[in-house]
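**Q**
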Amino acid sequence: MRMIFGIIMILVYIGMGVLFLCGFFTWLSGDWAWLRWVGGFLFILYGIWRAYRQFTGVDSPV
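At position 35 of the sequence shown (counting the first as 1) the number is 71 in the working numbering, and the numbers step up by one without a gap.
1. Contact between the segment 75-91 and the segment 37-51: three or more CB pairs below 8 Å?
2. Would V94 count as contacting chain D if we go by Cβ distances under 8 Å?
3. Along the chain, where does the alpha helix (DSSP H) containing L64 start, and where does it finish?
4. Is the separation between the beta-carbon of F77 and that of G53 shorter than 8 Å?
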């Protein structure tokens with residue numbers, strides 16, 4: 037179950053990052069457009085970091 041949850045969360049973080057970068061959320065326009073770019077890149081980077089830790093076994097219980 038932990039492995040499945042980890043994979044789902046990786047997909048959620050990367051998916052949210054892509055949605056931010058594509059401009060899916062219309063409330064992030066105007067003065068808040070910078071947050072869309074920063075948030076999108078941070079979500080994608082964190083998703084990649086979680087994937088690295090998940091698949092290298094860093095987060096696995098001993």
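Even glycine gets a Cβ: it sits at the ideal position worked out from N, Cα and C.
**A** On the basis of the supplied data:
1. yes
2. The chain labelled as chain D is not found in the depicted structure, where only one protein chain is given.
3. Residue mapping note: residue 64 aligns to position 28 of the sequence shown, counting from 1. Segment: none, L64 is in no alpha helix (DSSP H) and carries neither H nor E.
4. Translated into positions along the sequence shown, residue 77 becomes position 41. Translated into positions along the sequence shown, residue 53 becomes position 17. Contact flag set, yes.
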